[in-house]
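Structure, as structure tokens:
Number of protein chains: 2
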Amino acid sequence: MTRFEKSPSSLRELAGIATREALADAGVEVGSIEAAYVGNAAAGLVTGQEMIRGQVMLRPLGIESIPIFNVENACASAASALHLGWQAVAAGAHDVVLCLGAEKLTHEDKTVGMRAIGTAIDVEHRAELAAEVGTPPGEGEDRSFFMDLYADMTRSYMRVSGATAEDFAAVVVKNQHNGGLNPRAQYGGELSIEDVLSSRTVVDPLTLLMCSPISDGAAAVVLFSEAAARRAGVSGPRIRASVIRSGNRHDHDDPLAGSTALAAREAFERAGLGPDDIDCAEVHDASAPAELMVYEQVGFAAPGAGPELLASGRTRLGGEMPVNTSGGLLSKGHPIGATGIAQICEATWQLRGEAGPRQVEGAKVALTQNGGGWLEGDSAAMAVHILSAD
Amino acid sequence: MTRFEKSPSSLRELAGIATREALADAGVEVGSIEAAYVGNAAAGLVTGQEMIRGQVMLRPLGIESIPIFNVENACASAASALHLGWQAVAAGAHDVVLCLGAEKLTHEDKTVGMRAIGTAIDVEHRAELAAEVGTPPGEGEDRSFFMDLYADMTRSYMRVSGATAEDFAAVVVKNQHNGGLNPRAQYGGELSIEDVLSSRTVVDPLTLLMCSPISDGAAAVVLFSEAAARRAGVSGPRIRASVIRSGNRHDHDDPLAGSTALAAREAFERAGLGPDDIDCAEVHDASAPAELMVYEQVGFAAPGAGPELLASGRTRLGGEMPVNTSGGLLSKGHPIGATGIAQICEATWQLRGEAGPRQVEGAKVALTQNGGGWLEGDSAAMAVHILSAD
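Sequences listed follow chains X and F, in order. Just so we're aligned, residue 759 is where the first sequence starts under my numbering, counting upward by one. Just so we're aligned, residue 759 is where the second sequence starts under my numbering, counting upward by one.
Below, the structure is given as structure tokens:
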């Protein structure tokens, strides 16, 4: 994956860097790639390129003639592309495929990226949604509408769980510390709870440092069938479960009722594993409170016990089950259509023992969770992957 | 499928009509659908909805919680969605899936649809492409840039094959006749060669009637695994081959070198069939000359013999292998992200003997060919499907 940052490079340059790095890492030539699944969410509105985005990104690398699919699921676009590539390999349709997520959100007009993110809701029902959360979607210069949504969810979550702004700040402190150890992270470093709380309020109770930034970047993986991996002498993490769901109408005060919980439960079942088997995880901390909610939704903590799990130190580096060792979306950055595969990159490095100063000792099983869009009170798309070292 | 037309209905209404009709035809309830693959190409630029288009279309029908994938491949978006759904079923991942293609191209600003279609090229290289074909892409009020591309290809094709404007007009006469027999076609009726030749010149040698129109519409199919079809008591056409390719750099004067020829060859190989086994076909006649080129590319005619095949009458209704019995894109219409599945609907009706006055007697095997976008001298995405009656 590229470094995530506000980048001077174009979307196709970023995609090229990540793809070339993935091919080199896997030891395969362009000619070995049998199909490509490309996640991107915003290029149509940011760069003007719709419809054949993957072909445009991959042609300069000489990747042509094979099936190329352009896959969109808002912030879960890359995880959705990964799922489709995995399915093709699992089906025996292909032996070696490329899964790529790439996004360019920065633009000389700063509102362009924010407005693009605002199309990850039902745009015909902007007004109703705005009335629910108090602000018009997709029109903020200083934030995307998703931070209004997160703030609304966060207020409910505080009521149900007793979580406080200090808890959310502690998520940021942890993840920025991790990001400081990740050369590919957009930000990172040592912050105090007070630093986080005193940063500008974006939407109460979210401060600027509790919100993931606008980022550019790309991430890619090469997936092999077992037979092809043997032939190529490739070893490495396996995908033990790849689950995508769309959202559903549910009781929002029950963390076990929405798409995240359902996707995680299905993933654990398919992998024959449970939350206790997870050694490290990357979760969708697009806002800091989301990390605590996800702890409960995926079963790392009992309902309402997210803040307690964080306070216990288990999820920080050195704890028993570090979460967002990469820095997460908060610190590593969040080029939305790349995030789902960037999480897989971090899981891969952890399971290979290649995560350097972020290494989770003896990590054997990793979970990634990546959500996208919003529709009637749930993520429009939710992805959970479980990987094992072998 | 809906009727294709310049429709007063919204994208989600069109998608709803087609989806409900497909579910009713298959005799399945919403709750039986295990995953959905949704093709759309232009909504981001026409309606402002990006990122979660399928979820937005399907939620009003109560389709939620399942995996939903948004698939984009320009005019081959629906065929690409179909391929991914077919792959999931063929893989055993799902037993019953929905594949939907939907497009709304009309807009109160008439240039919006044309400009959207103009993003099916590499938009960063508009200028080079414009220089090649002589007109700026995506800026015409009276045509999409693709007609400039087709005109350029057509001039080469005329040089190589000896095809004339009269041949192209004869394609239009045939397909408009067929469309006149199809209640879902946007246009249709009896025209003379002279009517076609004397319609307004769009780009020489293409006249208005040689160009597919701007259309709205949706088409959907439900795919079953063999076991699920048996359980549900469903019989009907089978997908014998589903092939997607991206374009490749090749010798443009050789009809057997580009993505259409390669995809067709692969499809025939997978199906264990050849061009002589095809009883009827739907091909991508986005412009009239394209139908003749496709005859040669897929192997219905020898290189250069497209005009001769047309003149022989074999491809008209009543001939041995009718092509574009639905009216094709020229007469039925071309809501770009719906077209690939609309072709499958026509093939299905033909193979079931339900095509009414368009029925090809005893049709047992059908081929569909659907191309999308343009990149360095070839379609960016190319789809060929072969279906058999049982």
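Backbone N, C-alpha and C define an ideal beta-carbon position, used for all residues, glycine too.
Subject >> Per-residue contacts from X/P766 into chain F (C-beta, under 7 Å) >> reply: Here the premise fails: no neighbours, minimum Cβ distance about 16 Å.
Subject >> Beta carbon proximity, F/F1026 to chain X, threshold 8 Å >> reply: Output row for F/F1026: interface = no.
Subject >> Closest by C-alpha distance to F/A837, when choosing among F/Y795, F/E886 and F/L769 >> reply: Here the closest residue by C-alpha is F/Y795.
Subject >> Sequence-distant residues of its chain with Cβ nearer than 6 Å to X/V1001 (five each side left out) >> reply: If the five residues before and after X/V1001 are omitted, its C-beta is found closer than 6 Å to the C-beta atoms of A1021, E1024, A1025 and V1142, all from its own chain and listed in chain order.
**OP:** Compile a chain-ordered list of the residues in the segment 823–841 of chain F whose CB is closer than 7 Å to at least one CB of chain C.
**Re:** Looking at the structure shown, chain C is missing, and the protein chains on hand are X and F.
**OP:** Count the other CB atoms, across all protein chains shown, that sit within 10 Å of the CB of X/G1114; report buried if there are 16 or more and exposed otherwise.
**Re:** So X/G1114 ends up on the exposed side.
Original post:
If you follow the beta strand (DSSP E) that F/W1107 is part of, which residue opens it and which one closes it?
Top reply: F/W1107 -> not in any beta strand (DSSP E); alpha helix (DSSP H) instead, spanning T1097 to R1110.
Original post:
By the 10 Å Cβ neighbour count, where 16 or more other Cβ atoms means buried, how is F/T922 classified, buried or exposed?
Top reply: Exposed.
Subject >> Distance, X/D880 Cα to X/R958 Cα >> reply: When rounded, the distance between both Cα atoms is 29 Å.
Subject >> Residues near F/V786 by beta carbon distance below 8 Å, same chain, minus five either side >> reply: Answer for F/V786: V854, V980 and A990, listed in chain order.
Original post:
Any C-beta of chain X sitting closer than 8 Å to the C-beta of F/A985?
Top reply: Taking CB atoms only, F/A985 has no neighbour in chain X less than 8 Å away.
Original post:
Based on the DSSP output, what are the partners of X/I826 in its beta bridges?
Top reply: X/I826 is bridged by DSSP to X/A794.
Original post:
Just the Cα atoms here: how many angstroms apart are F/D1148 and F/A782?
Top reply: It is roughly 20 Å from the alpha-carbon of F/D1148 to the alpha-carbon of F/A782.
**OP:** Measure the CB-CB distance between F/S1089 and F/N933 and report whether it falls below 8 Å.
**Re:** Yes; because the gap between Cβ atoms is below 8 Å, this pair is in contact.
**OP:** With DSSP collapsed to three states, give me the class of X/Q845.
**Re:** Note: X/Q845 maps to helix in three-state DSSP.
**OP:** Taking C-beta pairs closer than 8 Å, name the residues in chain X that F/L819 reaches, listed in chain order.
**Re:** Chain-order list of chain X residues neighbouring F/L819: empty, with the shortest C-beta distance near 12 Å, by a criterion of under 8 Å.
**OP:** Please report the Cβ distance between F/V930 and F/L949, rounded to the nearest whole angstrom; I am assuming they are in contact, meaning their Cβ atoms lie under 8 Å.
**Re:** 7 Å between Cβ atoms; contact.
Original post:
What is the DSSP secondary structure of F/E1119, reduced to helix, strand or coil?
Top reply: Assigned with DSSP and collapsed to three states, F/E1119 falls in coil, not helix or strand.
Subject >> Candidates F/G1076, F/A1139, F/D1009 and F/L1067, of which the one nearest F/I1094 by Cα >> reply: The option with the nearest alpha carbon to F/I1094 is F/A1139.
Subject >> Span of the beta strand (DSSP E), counted from its first residue to its last, around F/M759 >> reply: Neither: F/M759 is in no beta strand (DSSP E) and is coded neither H nor E.
**OP:** Return the residue from the list X/L1145, X/S1146, X/E1134 and X/Y945 that minimises the CA-CA distance to X/A885.
**Re:** Taking only the C-alpha atoms, the option nearest X/A885 is X/E1134.
Subject >> Distance CB(F/L1067)-CB(F/F1058) smaller than 8 Å >> reply: Taking 8 Å as the Cβ cut-off, F/L1067 and F/F1058 qualify as a contacting pair.
Original post:
Of the residues X/V1056, X/T893, X/S790 and X/M1051, which one's Cα is nearest the Cα of X/E1027?
Top reply: Nearest of X/V1056, X/T893, X/S790 and X/M1051 to X/E1027, Cα basis: X/V1056.
**OP:** Determine the closest residue to X/T877 out of X/C833, X/K862 and X/G1091, with distance taken between C-alpha atoms.
**Re:** The option with the nearest alpha carbon to X/T877 is X/C833.
Subject >> In chain order, each alpha helix (DSSP H) run of at least 4 residues that lies wholly inside the segment 895–950 of chain X >> reply: The segment 895–950 of chain X contains these whole alpha helix (DSSP H) runs: 903–919 and 923–937.
Subject >> Inter-stretch contact (C-beta, 8 Å, three-pair minimum) for the segment 998–1015 of chain F and the segment 937–953 of chain F >> reply: No, they do not touch.
**OP:** Please work out which residues of its chain come closer than 8 Å, Cβ to Cβ, to F/D910, disregarding the five sequence neighbours upstream and downstream, and give them in chain order.
**Re:** These residues qualify, in order along the chain: E890, V891 and G892.
Subject >> C-alpha distance - F/A927 paired with F/G920, whole-angstrom precision >> reply: Taking the straight line from one Cα to the other gives about 15 Å.
Original post:
Any beta-carbon of chain X closer than 8 Å to the one on F/Q845?
Top reply: Nearest CB-CB separation between F/Q845 and chain X: below the 8 Å threshold.
**OP:** Grab me the residues of X/N940's own chain with a C-beta within less than 7 Å of its C-beta, minus the 5 sequence neighbours each way, in chain order.
**Re:** Apart from sequence neighbours up to five positions away, the residues of its chain that approach X/N940 with a beta-carbon distance below 7 Å are G946, S1084, G1085, K1090 and R1116, ordered along the chain.
**OP:** Please confirm if X/V918 has its CB atom under 8 Å from at least one CB of chain F.
**Re:** Closer than 8 Å: no.
**OP:** Measure the C-alpha to C-alpha separation of X/W1132 and F/S768 and round it to an integer number of angstroms.
**Re:** The C-alpha of X/W1132 lies about 21 Å from the C-alpha of F/S768.
Original post:
Within the 8 Å Cβ cut-off, does F/A1100 reach chain X?
Top reply: No, F/A1100 does not count as interfacial toward chain X.
Subject >> Proximity to F/S1017 [Cα-Cα], best of F/Q944, F/G1130, F/G975 and F/R1072 >> reply: Put simply, of F/Q944, F/G1130, F/G975 and F/R1072 the residue whose alpha carbon is nearest the alpha carbon of F/S1017 is F/G1130.
**OP:** Please say whether F/L816 and F/R778 have beta carbons closer to each other than 8 Å?
**Re:** If you check the CB distance, F/R778 and F/L816 do not come in under 8 Å.
Subject >> Interface partners of X/D880 on chain F, CB under 7 Å >> reply: The contacting residues are V814.
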